[in-house]
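Q:
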Amino acid sequence: MKADRLDKSIKGLAGSTFGLIRRSSKTEFSNPRRYRLDFIAENTFNRVWTLRFSRMRVLVVSVLFVAAVAALMFVIVFFSPVRKLLPGRLEGDLRSRYVDMAMRLDSLEQRSMANDRYMTNLRNIMSGEAVDDAAATGNLSDNSKANIDSLLAPSDAERQFVQLFEASDRFNLSVLTPIAAEGMAFYSPVPDVLVEPQSGEGNTSVNFTQDDLLPVSSAYRGTVVSVYSNASGLKTVIIQHPNDFISIYSGLSECFTAPGARLLAGERIGHSGKGNTFSFELWHSGSATDPTDYIGF
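Written as structure tokens, this is what we have:
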């Protein structure tokens, strides 16, 4: 009886010892899970290429791949012409061209609508149908405007007025300025100014005086033709623009450009010092114009 108990105790002790050794071997000698990707030739069943990886390696490679793709997209977008397609990334010159084309398209659309109304009204008159009052009073072309009482001869007072008007405006080219400025979007040379502009002599210039530095920018794209200083040391910049426009910036204490430089619309050309009077002029074909007619200060 005692022998049987001793035999059972020995077997139990051996079983517990074997289980402990087995569990300790699993914990001490277990390897992490690894995966293998084999590329095998279908005809010969030879292993061509083997790729071994673990979960951590897959995670690291995935993160590096996403980072590489993001860096490539950043380089393509910000260091190539593709960046011009992003909102707010247009250059000053390209933006002004878009504005010019939009204004031209709007004017062409209005002219086309006016001509369509005129042709519709003319067709109704020739077919005997009712005339559209809205079309008749709309913005029609110049050919649709009939002179009232065309058979009535002008009086002496009218003839004298016409002669006086023709004599005064015979050599006046200012009437061509609005035509030349059509489609041109001028920018304010002082967009950050906080004081009201003052018109100069004959409304041919606009003057600004403030107690702080006044940054000055180009009103439109063009080429700097002259930079000179007066007796007081203040500088004047003259810029040639398309369609025979010239802008003059006087009273600058500092100038950031030079003759021959090509400027974009809104590009900084200098600033006026504290207490100085900055003067802006806009000329067309040798005639001074009122800058407030073409620029919103």
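All residue numbers for the sequence shown refer to my numbering, where the first residue is 1265 and numbers rise by one. Each residue gets a CB set at the ideal place from its N, CA and C atoms; glycine is no exception. In this text the structure is predicted, and so the values were computed from the model without any measurement.
1) Do glycine 1530 and serine 1481 have their beta-carbon atoms positioned less than 8 Å apart in this structure?
2) Rounded to whole angstroms, what's the CA-CA distance from serine 1344 to valine 1330? Just pull it up for me.
3) What distance in whole Å lies between the Cβ atoms of isoleucine 1503 and valine 1489, which are believed to be in contact at a cut-off of 8 Å?
4) Mapping the DSSP letters down to three states, classify isoleucine 1559 as helix, strand or coil.
5) Please list the terminal residues of the continuous beta strand (DSSP E) segment that includes alanine 1552.
6) What residue does the alpha helix (DSSP H) around phenylalanine 1450 start on, and which one ends it?
7) Can you give me the start and stop residues for the alpha helix (DSSP H) that phenylalanine 1509 sits inside?
8) Just checking my contact of tyrosine 1484 with phenylalanine 1450 at CB under 8 Å: how many whole Å lie between their CB atoms?
9) If you reduce the DSSP assignment to three classes, tell me which class aspartate 1420 lands in.
10) Near phenylalanine 1509, what residues of its chain come up, given a Cβ to Cβ distance below 6 Å and the 5 sequence neighbours on each side ignored?
11) Apply the 10 Å Cβ neighbour rule to arginine 1381 and answer buried if 16 or more other Cβ atoms are within range, or exposed otherwise.
12) Quick check on the burial criterion: 16 or more other C-beta atoms within 10 angstroms. Buried or exposed for valine 1426?
13) In this structure, does DSSP put aspartate 1476 in helix, strand or coil?
14) Is it buried or exposed, asparagine 1540, if we count other Cβ atoms within 10 angstroms and call 16 or more buried?
15) Quick one: grab the DSSP three-state call for glutamate 1545.
16) Do you know how far the Cα of arginine 1526 is from the Cα of valine 1501?
17) Does the Cβ of serine 1318 have 16 or more other Cβ atoms within 10 Å, making it buried, or fewer, making it exposed?
A: In brief:
1) It is a contact, given that the beta carbons lie within the stated cut-off.
2) Roughly 21 Å between the two C-alpha positions.
3) Confirmed, Cβ separation roughly 7 Å.
4) Residue state, collapsed to three classes: coil.
5) Counting along the chain, the beta strand (DSSP E) containing alanine 1552 begins and ends at 1551-1553.
6) Run containing phenylalanine 1450: none; DSSP gives neither H nor E here.
7) Where phenylalanine 1509 is concerned, there is no enclosing alpha helix (DSSP H), although the beta strand (DSSP E) it sits in stretches over 1509-1516.
8) Indeed they touch by this definition, with Cβ atoms about 5 Å apart.
9) Note: aspartate 1420 maps to helix in three-state DSSP.
10) Only His1548 meet the Cβ criterion.
11) Burial call: buried.
12) With fewer than 16 neighbouring CB atoms inside 10 Å of its own CB, valine 1426 falls in the exposed class.
13) Coil, per DSSP.
14) Only buried fits asparagine 1540, as 16 or more other CB atoms lie within 10 angstroms of its CB.
15) Strand.
16) In a straight line, the C-alpha of valine 1501 is about 13 Å away from that of arginine 1526.
17) Exposed: under 16 other Cβ atoms inside 10 Å.
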